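S.K.: Residue numbers (our numbering): 278 to 391. Idealized CB from N, CA, C, for every residue including glycine. Since we're looking at a predicted model, the values are computed, not measured. A single structure is presented below for examination.
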C-alpha cells in the first residue's frame, strides 16, 4: 500500500477499486473478486476518501507457467479458454473506456521509496 504522500498511487488504487465495483464488471464471468478492503477508519472513507486504504489480491490457484505444454486438444482448449476470457474482460472494460494498458506515467510514484 503506498504511503499518503504518493497521491498518484493512491488515486490509481481508488480508480481500480471503482472499476471493479461497476455492476457490469463485477457481474462478468471473466472477473473474479480481486480485492479485499482494509481501513484505518470506521467511516470507510465516507467523510474522507483518503482515509480508507485498499489492498488488491488476485486469488488464483495456478498460473499458465505451471501448466506443462503438450500439443494436444486439452492444452489447446485451455489456451483458447484463457484467451477468450482475457479478450472478453478487455471488451467489457473497453466498452466503458476503462482499459488499463499497464503503463505507468510516473514510475517513481509507484516506487514507494522513503
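1. Hey, could you find the ends of the alpha helix (DSSP H) residue 291 is sitting in?
2. Given a threshold of 16 other Cβ atoms within 10 Å of its Cβ, counted over all protein chains shown, does residue 301 qualify as buried or as exposed?
3. Can you tell me whether residue 346 is helix, strand or coil according to DSSP?
4. In angstroms, rounded to a whole number, what distance separates the CA positions of residue 297 and residue 291?
5. Could you check the C-alpha separation between residue 299 and residue 357 for me, to the nearest Å?
6. Over what stretch of residues does the alpha helix (DSSP H) that includes residue 300 continue unbroken?
7. Using the beta-carbon count (16 or more within 10 Å), is residue 351 buried or exposed?
8. In whole angstroms, what is the alpha-carbon distance linking residue 343 and residue 353?
M.R.: Judging by the given coordinates:
1. The residue given as residue 291 occupies position 14 in the chain shown. Run containing residue 291: 284-297, per the alpha helix (DSSP H) assignment.
2. By 1-based counting over the chain shown, the position of residue 301 is 24. That one is exposed.
3. In the chain shown, residue 346 corresponds to position 69, counting from 1. Residue 346: coil per DSSP, three-state reduction.
4. For the purposes of this step, residue 297 is taken as the residue at position 20 of the chain shown. For the purposes of this step, residue 291 is taken as the residue at position 14 of the chain shown. Computed Cα separation, rounded: 10 Å.
5. What you label residue 299 is simply residue 22 of the chain shown in a count that begins at 1. What you label residue 357 is simply residue 80 of the chain shown in a count that begins at 1. Answer to the nearest angstrom: the Cα atoms are 27 Å apart.
6. Along the chain shown, one-based indexing puts residue 300 at 23. Residue 300 -> alpha helix (DSSP H) spans 300-303.
7. Here residue 351 refers to the residue found at position 74 of the chain shown. The residue in question, residue 351, is exposed, as its Cβ has fewer than 16 Cβ neighbours within 10 Å.
8. By 1-based counting over the chain shown, the position of residue 343 is 66. By 1-based counting over the chain shown, the position of residue 353 is 76. Cα to Cα, residue 343 sits roughly 15 Å from residue 353.
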